[in-house]
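Peer 1: Quick one: this structure, given as structure tokens, is what I'll be asking you about.
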Amino acid sequence: MKSTRVLGRLGAAALVGIGAALGAAVAEAKTVKVTLTAKEVDLPIDNKGTKYRAWTFEGQVPGPVIRVTEGDTVEFTLHNAPENKTSHSMDFHAARTDVVKDFSAIKPGASKQFTFTADYPGVFFYHCGADPMIQHVARGMFGVIIVDPKAANAMPKADREYVLVQSEIYENPEDHAAMMRNQWKHVAFNGVAFKYDPVHDPNAEKLLEAKPGERVRIYFVNAGPNEFASFHPIAGIWDRVYPSGNPKNVQHGLQSFTVGPGDGAVFDLISPVEGANALVTHSLRGALSGAIAVLMFSRDTGDEAGRGDGILVR
Ligand SMILES: [Cu+2]
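Read the sequence shown against our numbering and you will find it ends at 622, with the numbers running on by one and no gaps.
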């Protein structure tokens, strides 16, 4: 008996050794608990600090970045804060489930749970789908879930990573009719017009940063609710674009790539020189209304930029 058990252990060790030798680093599936609370709060929509009554996940626009690995099980809990006035819900584009049971709205003070497996790798939109959905998205109830491929070598390793979510901001958050007419005031990346663009807005204080020669990976999602994004790096070329962020979808050497509302893609960019690229939607009315982010390539870039919590520059 004893020797059989030892042999069994040796056999398992040998298999692990062979896997490592072949470079087949595959993540073990795990269960990830995610809890988000819907919060109705005042947030700035421009660099001057103009406030807006936003509807959010966790008081932030976009909501927290959720990051799991392909094959993981996500145990999700939604709380609707009791002080809210409106019903809210969660719709994960990374999930395959029942829209009625899991994605339906709950009243203030209520909670709900559902579980899904992250079967497809990529960058996926999440958003509130409560009625009227156009208003819940326009007011800020959205975010990004990244599902990393389970094979660690499925994509080239990125040196820096950033999350950008494009959305429109409507001047009056109560004006549902203006949303239906697509009469927005700003198009923004990560909830604030010109948030990362000190060129067009002297009040902007933040940038995206990397070093020349580094592979910079942008996890891009277009929240809409209405406008398409023609995502382009001014003075750069996308080295690779992965529609929906799936490693099987790779395209090379693109100048612009269209991301519709409710869609996402992964964009890799490498600059051979120091200096700036401006990441924009090349739908220029959108860019010049706020959807411009400066990515500065400098040899002096610190280690923390575009890593860990720094992938979404708040
Ligand atoms: Cu909502």
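The beta carbon of each residue, even a glycine, is placed where N, CA and C say it ideally should be.
(1) Would you tell me roughly how many angstroms separate the C-alpha atoms of residue 610 and residue 498, rounded to the nearest one?
(2) Compute the Euclidean distance between the alpha carbons of residue 512 and residue 406, then round it to the nearest angstrom.
(3) Does DSSP put residue 499 in a helix, a strand or coil?
(4) So what does residue 572 bridge to, in DSSP terms?
(5) Inspect the CB distances between the stretch 487-502 and the stretch 596-614 and report whether three or more fall short of 8 Å.
(6) Does the Cβ of residue 474 have 16 or more other Cβ atoms within 10 Å, making it buried, or fewer, making it exposed?
(7) Which same chain residues, not among the five before or five after residue 484, have their C-beta less than 8 Å away from its C-beta?
(8) Excluding the 5 residues preceding and the 5 following residue 519 in the sequence, name in chain order all residues of the same chain whose CB lies nearer than 6 Å to its CB.
(9) By how many angstroms is the C-alpha of residue 526 removed from the C-alpha of residue 613?
(10) Please determine whether the Cβ atom of residue 395 lies at a distance below 8 Å from any heavy atom of ligand 1.
(11) Three-state secondary structure (DSSP) at residue 445?
(12) Looking only at its own chain, which residues have a Cβ that is under 6 Å from the Cβ of residue 584, when we skip the five neighbours before and after it?
(13) Along the chain, where does the alpha helix (DSSP H) containing residue 465 start, and where does it finish?
(14) Secondary structure at residue 350, three-state DSSP: helix, strand or coil?
(15) Is the beta carbon of residue 449 within less than 8 Å of some heavy atom of ligand 1?
(16) Report yes if the CB atom of residue 351 is closer than 9 Å to the CB atom of residue 387, and no otherwise.
(17) Residue 434: which of 384, 536 and 349 sits nearest, CA to CA?
(18) Indicate, with yes or no, if ligand 1 has a heavy atom lying under 8 Å from the CB of residue 484.
(19) Please report the distance separating the alpha-carbon of residue 346 from that of residue 365.
(20) If contacts are defined as beta-carbon pairs under 8 Å, then residue 471 and residue 408 qualify, I think. What distance do you get, rounded to the angstrom?
(21) Can you grab the Cα-Cα spacing for the pair residue 570 / residue 529, in whole Å?
(22) Excluding the 5 residues preceding and the 5 following residue 430 in the sequence, name in chain order all residues of the same chain whose CB lies nearer than 6 Å to its CB.
(23) What's the call for residue 481, buried or exposed, on a 16-neighbour Cβ count within 10 Å?
(24) How about residue 376 and residue 453: are their beta carbons less than 9 Å apart?
(25) Can you find the residues in the same chain that come closer than 7 Å, C-beta to C-beta, to residue 420, ignoring five residues on each side of it along the sequence?
(26) Alpha carbon to alpha carbon, how far is residue 487 from residue 447?
(27) Using DSSP with H/G/I as helix, E/B as strand and the rest coil, what is residue 595?
(28) Is residue 411 helix, strand or coil by DSSP?
(29) Helix, strand or coil: which one does DSSP assign to residue 614?
(30) Assign residue 487 to one of three DSSP states: helix, strand, or coil.
(31) Give the straight-line distance between the Cα atoms of residue 436 and residue 357, rounded to the nearest whole angstrom.
(32) Taking 8 Å as the cut-off, is the beta-carbon of residue 444 closer than that to any non-hydrogen atom of ligand 1?
Peer 2: The answer reads as follows:
(1) Counting from 1 along the sequence shown, the entry for residue 610 is found at position 302. Counting from 1 along the sequence shown, the entry for residue 498 is found at position 190. Straight-line measurement puts the Cα of residue 498 at about 22 Å from the Cα of residue 610.
(2) Mapped onto the sequence shown, residue 512 falls at position 204. Mapped onto the sequence shown, residue 406 falls at position 98. Approximately 42 Å, taken between the alpha carbons.
(3) As a first step, residue 499 is located in the sequence shown; it is residue number 191 there, counting from the start. Residue 499: coil per DSSP, three-state reduction.
(4) Translated into positions along the sequence shown, residue 572 becomes position 264. Paired residues: 529.
(5) When C-beta atoms of the stretch 487-502 are compared with those of the stretch 596-614, three or more pairs fall below 8 Å, so the two segments count as touching.
(6) Here residue 474 corresponds to residue number 166 of the sequence shown, with the count starting at 1. Its Cβ being crowded by 16 or more others within 10 Å, residue 474 is buried.
(7) Translated into positions along the sequence shown, residue 484 becomes position 176. 440, 442 and 443, listed in sequence order.
(8) Residue numbering aside, residue 519 sits at position 211 when the sequence shown is read from its first letter. Listed in chain order, the non-local C-beta contacts of residue 519 below 6 Å within the same chain comprise 607 and 609, local neighbours out to five positions each way being set aside.
(9) The sequence position of residue 613 within the sequence shown is 305, counting from 1. The sequence position of residue 526 within the sequence shown is 218, counting from 1. Near 13 Å, if we compare the C-alpha coordinates of residue 526 and residue 613.
(10) Against the sequence shown, residue 395 aligns to sequence position 87. Under cutoff, so the answer is yes.
(11) The residue given as residue 445 occupies position 137 in the sequence shown. Helix, per DSSP.
(12) For the purposes of this step, residue 584 is taken as the residue at position 276 of the sequence shown. Once the five neighbours on either side are set aside, the close Cβ partners of residue 584 are 602 and 604.
(13) Translated into positions along the sequence shown, residue 465 becomes position 157. Neither: residue 465 is in no alpha helix (DSSP H) and is coded neither H nor E.
(14) Position 42 of the sequence shown, counting from 1, holds the residue named residue 350. Here residue 350 sits in strand by DSSP.
(15) Residue mapping note: residue 449 aligns to position 141 of the sequence shown, counting from 1. At least one heavy atom of ligand 1 is nearer than 8 Å to the Cβ of residue 449, so yes.
(16) For this step, residue 351 is matched to residue 43 along the sequence shown. For this step, residue 387 is matched to residue 79 along the sequence shown. Contact flag unset, no.
(17) Indexing the sequence shown from 1 puts residue 434 at position 126. Check the Cα spacing between residue 434 and each of 384, 536 and 349: the tightest is with 384.
(18) As a first step, residue 484 must be located in the sequence shown, where it is residue number 176. No, since every heavy atom of ligand 1 falls outside the 8 Å radius drawn around the Cβ of residue 484.
(19) Position 38 of the sequence shown, counted from the first residue, corresponds to residue 346. Position 57 of the sequence shown, counted from the first residue, corresponds to residue 365. Looking at the backbone, the Cα of residue 346 and that of residue 365 are separated by about 5 Å.
(20) Counted from its first residue, the sequence shown places residue 471 at position 163. Counted from its first residue, the sequence shown places residue 408 at position 100. So it is not a contact: roughly 30 Å between Cβ atoms.
(21) As a working mapping, residue 570 is identified with position 262 in the sequence shown. As a working mapping, residue 529 is identified with position 221 in the sequence shown. Those two C-alpha atoms are separated by around 7 Å.
(22) Against the sequence shown, residue 430 aligns to sequence position 122. Closer than 6 Å at the Cβ level, and outside the excluded window around residue 430, lie 455, 552, 553 and 554.
(23) The residue you call residue 481 lines up with position 173 of the sequence shown. Looking at its Cβ environment, which holds 16 or more other Cβ atoms inside 10 Å, residue 481 is buried.
(24) To locate residue 376, count along the sequence shown from 1; it is residue 68. To locate residue 453, count along the sequence shown from 1; it is residue 145. In this structure, residue 453 lies closer than 9 Å to residue 376 by Cβ.
(25) In the sequence shown, residue 420 corresponds to position 112, counting from 1. Taken in chain order, the residues that qualify are 386 and 414.
(26) To locate residue 487, count along the sequence shown from 1; it is residue 179. To locate residue 447, count along the sequence shown from 1; it is residue 139. Answer to the nearest angstrom: the Cα atoms are 10 Å apart.
(27) For this step, residue 595 is matched to residue 287 along the sequence shown. In the structure shown, residue 595 sits in a helix (DSSP, three-state: H, G or I).
(28) The count along the sequence shown starts at 1 and reaches residue 411 at position 103. Helix.
(29) Taking the sequence shown and counting its residues from 1, the one referred to as residue 614 is at position 306. Coil at residue 614, not helix or strand.
(30) The sequence position of residue 487 within the sequence shown is 179, counting from 1. Secondary structure at residue 487: helix, using DSSP grouped into helix, strand and coil.
(31) To locate residue 436, count along the sequence shown from 1; it is residue 128. To locate residue 357, count along the sequence shown from 1; it is residue 49. Going from the Cα of residue 436 to the Cα of residue 357 covers about 25 Å.
(32) Position 136 of the sequence shown, counted from the start, is the residue given in the question as residue 444. Yes.
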